[in-house]
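*Asks:*
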Amino acid sequence: MYVQVLEDRSFVLSFFRSFFRSYRTKFQINKLSFFMYSYFTFYVLFLWIYTLKIKQKKKKREVSK
Numbered sequence: 089m090y091v092q093v094l095e096d097r098s099f100v101l102s103f104f105r106s107f108f109r110s111y112r113t114k115f116q117i118n119k120l121s122f123f124m125y126s127y128f129t130f131y132v133l134f135l136w137i138y139t140l141k142i143k144q145k146k147k148k149r150e151v152s153k
């Protein structure tokens with residue numbers, strides 16, 4: 089069981105490594121687009137977390153009422 093988990097982990101790691109390698113080589117040509125893409129993903133994540141926090145605050149207010 090444990091060996092199976094280790095094998096799965098190594099497979100996933102190798103997959104991610106190859107994925108990132110291909111990803112990097114694609115974006116080496118156009119670094120600006122890479123920066124724009126990373127900035128965009130960061131922005132989306134930030135907005136998502138922000139909206140989640142607002143929803144939690146609203147729920148807390150409703151509970152306190």
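So in the numbering used here the end of the sequence shown lands on 153, straight run, no missing numbers. Don't be surprised by glycine CBs; every beta carbon is placed ideally from N, CA and C. Keep in mind the model is a prediction, meaning the values are calculated, not measured.
Could you give the distance in angstroms between the alpha-carbon of Phe128 and the alpha-carbon of Lys141?
*Replies:* 20 angstroms
*Asks:* Could you give the distance in angstroms between the alpha-carbon of Val132 and the alpha-carbon of Phe122?
*Replies:* 15 angstroms
*Asks:* From Thr139 to Phe108, what does the alpha carbon distance come to, in whole angstroms?
*Replies:* C-alpha separation (whole angstroms): 30 angstroms.
*Asks:* Alpha carbon to alpha carbon, what distance is there between Leu135 and Lys148?
*Replies:* 20 angstroms
*Asks:* Note down the Cα distance separating Ser126 from Arg105, rounded to an integer number of angstroms.
*Replies:* Just so you know, the alpha carbons of Ser126 and Arg105 end up roughly 18 angstroms apart.
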